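Quick note on full-length UniProt numbering: the sequence shown kicks off at 1 and runs consecutively.
Idealized CB from N, CA, C, for every residue including glycine.
All of these numbers come straight from a predicted model, not from anything done at the bench.
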Amino acid sequence: MPSASTSTSSTPYLPRGNDILSQLRRRRHEINDKLRDNQKLLDRVTDVDTARAYEDQQLALLLEHREVSTLISEQKAKQKQYDSVPGGVQGRRKVQISEKLKNPEKIDNRRRSEEQRVPDGPFIEGTSTNFTSKIKEKFRKA
């Protein structure tokens, strides 16, 4: 007897969960199936009006797919937010600061690089904001 995790069809196994994320994933899977069927029908049709109807249906399915995918992303973000522990971020920050204190040579190297300045380069004339006088001079010379 096959286990519940194996699937005999070519489509991937989708869990039968009742949470919102599982429902949205199932809906996205259904939309993908409808899009495939619609594309097959669209490839076979020869009538222009029928083809336009299939294209309209395909566009509606693509918009719905986009909306469902957006909802899935939002649900994942919410789930990640709820799963994270509020103290976890602060704990990670403390570890980073303590690691910096353990390696003072990294801080010293940064400070040394700020102290060792590059010598001044060639002198470049400052840009003039009086462009009209320069233009008039060029026209007089020409």
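*His29: which of Ser69, Gln57, Leu59 and Tyr82 sits nearest, CA to CA?*
Your numbering for residue 29 matches position 29 in the sequence shown. That would be Ser69, whose Cα lies nearest to the Cα of His29.
_In this structure, how does DSSP classify Asn130 when only helix, strand and coil are distinguished?_
On the sequence shown, residue 130 is found 130 positions in, with the first residue counted as 1. DSSP places Asn130 in coil when its eight states are reduced to three.
*What are the start and end residues of the alpha helix (DSSP H) that includes Ser73?*
As a working note, residue 73 is residue 73 in the sequence shown. Unbroken alpha helix (DSSP H) run through Ser73: Val48 to Asp83.
*Beta-carbon gap between Asn38 and Gln57 smaller than 8 Å*: Walking along the sequence shown from the start, residue 38 turns up at place 38. Walking along the sequence shown from the start, residue 57 turns up at place 57. Cβ atoms of Asn38 and Gln57: closer than 8 Å.
_Quick test of your reading: Leu41 and Gln75, contact by CB under 8 Å. State the CB separation rounded to the nearest angstrom._
In the sequence shown, counting from the first residue as 1, residue 41 sits at position 41. In the sequence shown, counting from the first residue as 1, residue 75 sits at position 75. Between Leu41 and Gln75 a beta carbon distance of about 32 Å is seen, past the 8 Å cut, so the two are scored as non-contacting.
*Which word fits Leu59, buried or exposed, when buried means at least 16 other C-beta atoms lie within 10 angstroms of its C-beta?*
Translated into the one-based positions of the sequence shown, residue 59 becomes position 59. Counting Cβ neighbours within 10 Å, Leu59 comes out exposed, since fewer than 16 surround it.
*Roughly how many angstroms separate the alpha carbons of Ala53 and Leu35, rounded to a whole number?*
Counting from 1 along the sequence shown, the entry for residue 53 is found at position 53. Counting from 1 along the sequence shown, the entry for residue 35 is found at position 35. If I take the Cα positions, the gap works out to 13 Å.
*Please name the residue in Asp43, Phe139, Ala51 and Gln79 whose C-alpha comes closest to that of Ser22.*
Start at 1 with the first residue of the sequence shown, and residue 22 comes out as number 22. Nearest in C-alpha terms to Ser22, of all of Asp43, Phe139, Ala51 and Gln79, is Gln79.
_Can you tell me whether Asp19 is helix, strand or coil according to DSSP?_
Locating residue 19 in the sequence shown gives position 19, where the first residue counts as 1. In the structure shown, Asp19 sits in coil (DSSP, three-state: anything other than H, G, I, E or B).
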